[in-house]
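Here's the structure, in structure tokens; my notes come after.
Numbering (the numbering used here), first residue to last: 273 to 934.
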């Protein structure tokens, strides 16, 4: 097995139609996503490391330095208090956070895929040094947590509800898998395998083991990755256990609180809906609580459902998917309107200017959607993965890769801008690692089939039916919908090629070696299936009309009544003050206005903009009156819209996604 080839977990029941993502080193991306990966490799990855160092994260993980926990703080909180304060305490000279191991894990993952993209000996040396610190820090029994070893020793496994212990392990595991796949170095993989062995020895259904799980889900999907890359069944079994055990009675978090002398009811968030442990996962039918935690849980559930062919998990996931898609999703693919719980509130509560829509949450939606595709190609999942990718997630990263959004509102009065870092720095490395690993979202490989989920200039290399195959996409997606695919097997080989036909596309055409195919007859669940013996040089041509669309919200979304959003292909658009002047709320777009698309290669790295003739309510002749019996005068105005992901990359100012109709 090479570093770029995952192994099946030994003994795992793998359904015949299970589709698994190709590892990052097996997919080279160019074009739109290539530019973004290059920005992460050239700038973001190094910035993440540097800002972790500036935040003094190295001091927490370096066993050769004095422990930050030895500094006497003004107030050293209990674990429950630390959670209520954002898992942070401030001493006379140090501020530390219990989830810093997770930030290192995501930073390592971003660096790993960046190193695969572009050699950077200096960055590689720095990451190797971080890995060495974790190796030194690891205890003889395999346990590894800088917080519980350096800040609060002696309290390991006492507060899974609040203190991110297994969450941090999960992110370090993902970082380890990525570093091994991208560089071939397995030191961190071995470290985290020992830690996973330790966790497996402490948690499980067997007598004498803890019956717990993490308050912040993440380790479940990480263990699946570890099982796939090592071939070890025990890691897949542990992931399944954490999924199955969640929300069972007697409730573990209640018992855990009593064991540490705390009142289970003295929970800062008052309800276990916050961390999705209010019911066993198969009984859940509503997306509730903290948005990122929910997305990570559902991602892990989808992975386990794929690996075990578990229809009961699939049924629950489809219920939850339908609930999110029909009641709690922003048009950009953002989720979680509330800053209070960083998550969900009530049905159809989707405010625009106060939208939380955390970058991590949209990234998590990408994770969930991509894992639902493991159970078979279906455009309902792939279309949403694409929407969240192109809109709600990459808006969190500036075009040059240096600045970050934590919240992604759909309206700004001019005061919302990207920042260099954050007190809770989860989003920068999360968007960094997702962009750097984007190739793994393009394709899904089964025993005798390959699904193309995303379109874009890329080359995929894979083995199917014992044959090595390359697949080359050539296109200018998402600006143009003409996609050419060349299939290059080393020898003739039969398999099915599944091609997604996006729901936003009103007209599509498909040819194989110049011969037109009956697209309707070939399409199921939104994917055209081409079964044939493929030979070197076979060519597939897919032409997707880049439809422009006006989108309207369900009338129950009170903030968007009488408003319209603009889209072209997979991209959502917004208007900015720099193009349209101030007072964007005064602009109205008539239903009859003609939309036009314009290629602008010198704008925002090269984009397609939209324009239309609208009207603007004027204030010049209104006078000093606050109210009048007559409406304000209007004048014709030409509005210009840019892709939402690219906003706030020029002059600061207002932004608006939902325009008034008029």
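By construction, the Cβ of each residue, glycine as well, lies at the ideal position given by its N, Cα and C atoms.
Note that the structure is a prediction, hence the values are computed from the model and not measured.
Whole-angstrom distance between residue j and residue i, CA atom to CA atom
i, j, result
"residue 853", "residue 639", "37 angstroms"
"residue 708", "residue 385", "6 angstroms"
"residue 922", "residue 669", "14 angstroms"
"residue 365", "residue 894", "Note that residue 365 scores a pLDDT of 40, beneath 50, so its modelled location is shaky; the value from the coordinates is reported in the next line. Cα to Cα, residue 365 sits roughly 56 angstroms from residue 894."
"residue 824", "residue 656", "17 angstroms"
"residue 541", "residue 547", "9 angstroms"
"residue 358", "residue 374", "Legend: pLDDT at residue 358 = 33, less than 50; position of this residue unreliable, value from coordinates given subsequently. Rounded to whole angstroms, residue 358 to residue 374 spans 15 angstroms at the Cα level."
"residue 842", "residue 751", "9 angstroms"
"residue 661", "residue 642", "11 angstroms"
"residue 351", "residue 545", "Note on residue 351: pLDDT 35, under 50, position unreliable in the model; the coordinate value appears next. Looking at the two C-alpha atoms, the distance is approximately 20 angstroms."
"residue 539", "residue 522", "17 angstroms"
"residue 306", "residue 634", "20 angstroms"
"residue 659", "residue 835", "20 angstroms"
"residue 785", "residue 749", "21 angstroms"
"residue 348", "residue 463", "Note on residue 348: pLDDT 31, under 50, position unreliable in the model; the coordinate value appears next. Distance between the alpha carbons of residue 348 and residue 463: 30 angstroms."
"residue 370", "residue 689", "27 angstroms"
"residue 675", "residue 701", "11 angstroms"
"residue 355", "residue 331", "Below a pLDDT of 50, predicted positions are generally treated as unreliable, and residue 355, at 34, falls in that range; the measurement from the model is reported next regardless. When rounded, the distance between both Cα atoms is 22 angstroms."
"residue 275", "residue 507", "At residue 275, the pLDDT of 43 sits below 50, so the modelled position is not reliable; the number obtained from the coordinates is stated separately. In a straight line, the C-alpha of residue 275 is about 19 angstroms away from that of residue 507."
"residue 289", "residue 505", "19 angstroms"
"residue 644", "residue 294", "15 angstroms"
"residue 344", "residue 426", "Its pLDDT being 33, under 50, residue 344 is placed unreliably in this model, and the value from its coordinates should be taken loosely. Straight-line Cα distance between these residues: approximately 18 angstroms."
"residue 806", "residue 576", "32 angstroms"
"residue 696", "residue 901", "49 angstroms"
"residue 924", "residue 629", "20 angstroms"
When the options are compared against residue i, the one with the closest alpha-carbon
i, options, result
"residue 626", "683, 673, 397", "683"
"residue 880", "912, 515, 311", "912"
"residue 340", "492, 405, 421", "421"
"residue 830", "728, 787, 620", "620"
"residue 717", "735, 505, 702", "735"
"residue 614", "598, 602, 632", "632"
"residue 774", "810, 819, 788, 322", "819"
"residue 685", "562, 827, 920", "920"
"residue 863", "841, 899, 934", "934"
"residue 520", "549, 534, 565", "549"
"residue 926", "575, 469, 309, 624", "624"
"residue 526", "720, 432, 873, 390", "432"
"residue 315", "383, 902, 729", "383"
"residue 860", "899, 290, 871, 904", "904"
"residue 737", "748, 322, 761", "761"
"residue 468", "872, 510, 435", "510"
"residue 704", "845, 311, 292", "311"
"residue 598", "401, 622, 610, 292", "622"
Proximity below 8 angstroms, CB of residue i to CB of residue j
i, j, result
"residue 493", "residue 465", "no"
"residue 496", "residue 579", "yes"
"residue 848", "residue 914", "yes"
"residue 448", "residue 461", "yes"
"residue 479", "residue 513", "no"
"residue 714", "residue 726", "yes"
"residue 816", "residue 777", "yes"
"residue 840", "residue 882", "yes"
"residue 877", "residue 671", "yes"
"residue 321", "residue 379", "yes"
For residue i, the first and last residue of its enclosing alpha helix (DSSP H)
i, result
"residue 306", "303-311"
"residue 407", "393-409"
"residue 846", "Looking at the DSSP string, residue 846 is not in any alpha helix (DSSP H); the run it does join, the beta strand (DSSP E), is 843-848."
"residue 806", "Premise fails: residue 806 lies in the beta strand (DSSP E), 799-806, not in any alpha helix (DSSP H)."
"residue 660", "Per DSSP, residue 660 belongs to no alpha helix (DSSP H) and is neither H nor E."
"residue 700", "699-708"
"residue 524", "524-531"
"residue 493", "491-502"
Cβ-heavy atom distance, residue i to the ligand MN, below 7 angstroms
i, result
"residue 835", "For the structure depicted, the ligand MN is absent and the ligand set is empty, with no information on it obtainable."
Residue i - containing beta strand (DSSP E), residue span
i, result
"residue 815", "810-816"
"residue 459", "Counting along the chain, residue 459 falls outside any beta strand (DSSP E), though it belongs to the alpha helix (DSSP H) covering 459-474."
"residue 906", "906-915"
"residue 747", "739-747"
"residue 734", "730-736"
"residue 767", "765-772"
Do the region 735-748 and the region 765-781 make contact, defined as three or more Cβ pairs closer than 8 angstroms? yes
Could you say if the region 599-608 and the region 656-676 meet the contact criterion of at least three C-beta pairs nearer than 8 angstroms? The answer is yes - the region 656-676 touches the region 599-608, with three or more Cβ pairs under 8 angstroms.
Between the region 475-490 and the region 556-571, do at least 3 Cβ pairs fall closer than 8 angstroms? The region 475-490 is in contact with the region 556-571.
Counting pairs of Cβ atoms below 8 angstroms between the region 798-814 and the region 770-790, do you hit three or more? yes
Could you check whether the region 320-328 touches the region 405-418, counting it as contact only if at least three pairs of C-beta atoms, one from each stretch, sit closer than 8 angstroms? no
Evaluate contact between the region 479-486 and the region 436-448, counting only Cβ atoms and requiring at least three cross-stretch pairs below 8 angstroms. Under the 8 angstroms Cβ criterion, the region 479-486 counts as touching the region 436-448, having at least three qualifying pairs.
Stretch-stretch touch, CB-based, cutoff 8 angstroms, three pairs: the region 554-567 with the region 585-594: yes
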